[in-house]
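Quick note on numbering: full-length UniProt numbering labels position 36 of the sequence shown as 36, and the sequence is numbered without any gaps.
Let me begin by presenting the structure, written as structure tokens, before commenting on it.
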Amino acid sequence: MKDIPMQTGVLRVLRATAASWWRHKKPRRTGQTRQAQRRERETVLGDLGYLKQAASLPNAHVICGEGGTFIHLGWTTVSTFAPIERFPLATLAVARGTPFIDIRPVTDVIAFANLPRVARDGSGDPEPSGSGKSVSLTTYIDMVEGLGARILNDPRSHQSA
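Following this line, the structure appears as structure tokens:
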């Protein structure tokens, strides 16, 4: 999946999303077409970069809960308050194979809040408990799945036993 070239459909979605953003619509309405096109192009290129990172980083994942949708890319997070259904960039990342953790079914928010974070670099702490601890993405998925989360593009199914 990492070596799949960007398809025309992906570019169409990113361009349409960029063109629909209010920050890009305003210059178009006021006749500043070149400025709008420049901003849209910058947005599409940035989004393409996020998609490439989502495909290549070991612990990259998309997570969706009641507070919104987040694309975790190591030291970078791209987010919105909207569900994944209204966040085309996250939807594209999941469609291209990025692991997706849907925490909307999780009812024990205290247990979820006490989970360790996913390590940024693919490693994890030897003792994954307590504040500030981090675990690998697969360990995190084991933990959050135990709380009722749904997993798509599960990276654990690609590991050898």
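Backbone N, C-alpha and C define an ideal beta-carbon position, used for all residues, glycine too.
Given the structure is predicted, the values throughout are model-derived calculations rather than measurements.
One or two residues paired with residue i in a DSSP bridge
i, result
"Ser134", "Arg117"
"Leu73", "Thr76"
"Asp102", "Cys64 and Arg150"
Proximity winner among the options, relative to residue i (alpha-carbon distances)
i, options, result
"Glu40", "Gln53, Leu57 and Trp22", "Trp22"
"Asp121", "Asp154, Arg104, Gly67 and His61", "His61"
"Thr80", "Ile63, Thr98 and Thr43", "Ile63"
"Val10", "Phe100, Leu51 and Lys25", "Leu51"
"Pro83", "Thr69, Arg96, Leu89 and Leu73", "Thr69"
"Asn153", "Thr43, Thr8, Ser134 and Val94", "Val94"
"Arg12", "Met143, Val135, Pro88 and Leu137", "Pro88"
"Thr98", "Glu42, Gln32, Thr138 and Ser134", "Thr138"
"Asn59", "Asp47, Arg38, Gly67 and Tyr140", "Tyr140"
"Trp75", "Leu57, Gly46 and Ala90", "Leu57"
"Lys133", "Arg150, Ala113 and Ile151", "Ala113"
"Asp47", "Ser136, Arg104, Val135 and Ala90", "Ala90"
"residue 171", "Leu14, Glu66, Arg104 and Glu145", "Outside the shown range of the chain (1 to 161) lies residue 171, about which nothing can therefore be said."
Run of the beta strand (DSSP E) containing residue i, from where it starts to where it stops
i, result
"Leu152", "Arg150 to Leu152"
"Gln79", "In the sequence under discussion, the amino acid at residue 79 is Ser, which differs from the Gln named in the question. Per DSSP, Ser79 belongs to the beta strand (DSSP E) from Thr76 to Thr80."
"Val62", "His61 to Gly65"
Euclidean distance between Cα positions of residue i and residue j
i, j, result
"Pro27", "Ala19", "11 Å"
"Leu92", "Ile110", "30 Å"
"Thr77", "Thr30", "33 Å"
"Ser157", "Leu45", "31 Å"
"Gly65", "Arg104", "5 Å"
Residue j beta carbon less than 8 Å from that of residue i
i, j, result
"Gly148", "Val106", "yes"
"Ala36", "His24", "yes"
"Ala55", "Ile71", "no"
Boundaries (first-last residue) of the alpha helix (DSSP H) holding residue i
i, result
"Val10", "Thr8 to Ser20"
"residue 164", "What the structure shows of the chain is the stretch from 1 to 161, and residue 164 is not part of that stretch, so it cannot be assessed."
"Pro88", "Pro88 to Ala95"
Cutoff 8 Å: residue i Cβ touching any chain B Cβ
i, result
"Ala55", "The structure shown contains no chain B, having only a single protein chain."
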